[in-house]
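Here the sequence shown is numbered in my numbering, starting from 2 and rising by one per residue.
As structure tokens, the structure follows; a few thoughts come after it.
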Amino acid sequence: MYGTTLFSGINNCQSVMPFVSVERSVVYRERFAGMYSPWAYSFAQVAMEIPYVLVQVVIFMLIAYPMIGYEWTAAKFFWFMYTMLCTLFYFLYLGMMIVSLTPNIQIASILASMFYTLQNLMSGFIVPAPANTKMVDMALLHLPNVMDAQCLLHHAVRRSR
2 MYGTTLFSGI NNCQSVMPFV SVERSVVYRE RFAGMYSPWA YSFAQVAMEI
52 PYVLVQVVIF MLIAYPMIGY EWTAAKFFWF MYTMLCTLFY FLYLGMMIVS
102 LTPNIQIASI LASMFYTLQN LMSGFIVPAP ANTKMVDMAL LHLPNVMDAQ
152 CLLHHAVRRS R
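This is the structure we're talking about:
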């Protein structure tokens with residue numbers, strides 16, 4: 002499950018980068034003309050992606066949830082759906098942010114791949130969580146892959162009881 006969420010997240014992040022990069026020239030032109038504020042553009046850019054991610058998660062859940070064999074309770078289904086939704090939103094907005102902060106899409110892709118590697122390394126699969134010190138655990142709390150791995154593991158362990 003961790004691999005599928007990581008793959009879907011990276012796919013979302015990589016697929017949003019070209020669109021945000023192309024829209025950059027439009028934003029500069031319209032901001033110079035005084036069409037709207039940067040906050041309005043940012044809000045529209047974030048809100049525009051919500052329906053696409055919702056459809057992606059619903060399709061994924063209808064296929065993956067019964068295929069894995071998780072218990073069919075509403076609480077567990079929606080908790081798993083919420084976990085997937087937050088993970089995909091994180092990766093999508095990470096891609097948008099990296100493209101916005103870098104001068105071109107090539108540098109954004111390189112920087113994003115560094116984020117993927119660091120998050121995967123620190124998620125608790127390569128370096129097991131019990132081997133971490135308290136300081137490392139506190140530093141890793143902000144990584145979504147760590148939270149994603151913990152939620153998915155909790156969901157799988159609770160299923161077996």
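C-beta atoms are modelled at their ideal positions from N, C-alpha and C, and glycine is treated no differently.
Item                                                                                                                                                                  : Value
Enumerate in chain order the residues of its own chain whose CB-to-CB distance from Y37 is below 8 Å, with the five nearest sequence positions on each side excluded. : E31
So G96 and N12 are supposed to be a Cβ contact under 8 Å. How far apart are they, rounded?                                                                            : Contact flag wrong, Cβ pair sits at about 10 Å.
Where does T84 sit, in a helix, a strand or coil, going by DSSP?                                                                                                      : helix
Determine the DSSP secondary structure at E31, reduced to helix, strand or coil.                                                                                      : helix
CB A121 to CB L7, shorter than 8 Å?                                                                                                                                   : The identity of residue 121 in the sequence shown is Asn, whereas the question assumes Ala. Yes, the Cβ-Cβ distance between N121 and L7 is below 8 Å.
For the alpha helix (DSSP H) containing E72, name the first residue and the last one.                                                                                 : That residue, E72, is in no alpha helix (DSSP H); it is neither H nor E in DSSP.
Please classify S124 as buried or exposed, where buried requires at least 16 other C-beta atoms within 10 Å of its C-beta.                                            : buried
What is the rounded straight-line gap between the Cα of F90 and the Cα of Q46?                                                                                        : 13 Å
Return the first residue and the last residue of the alpha helix (DSSP H) that N121 is part of.                                                                       : 106 to 122
Just to confirm, is the Cβ distance from M98 to V58 under 8 Å?                                                                                                        : no
Please state the DSSP three-state secondary structure of Y66.                                                                                                         : helix
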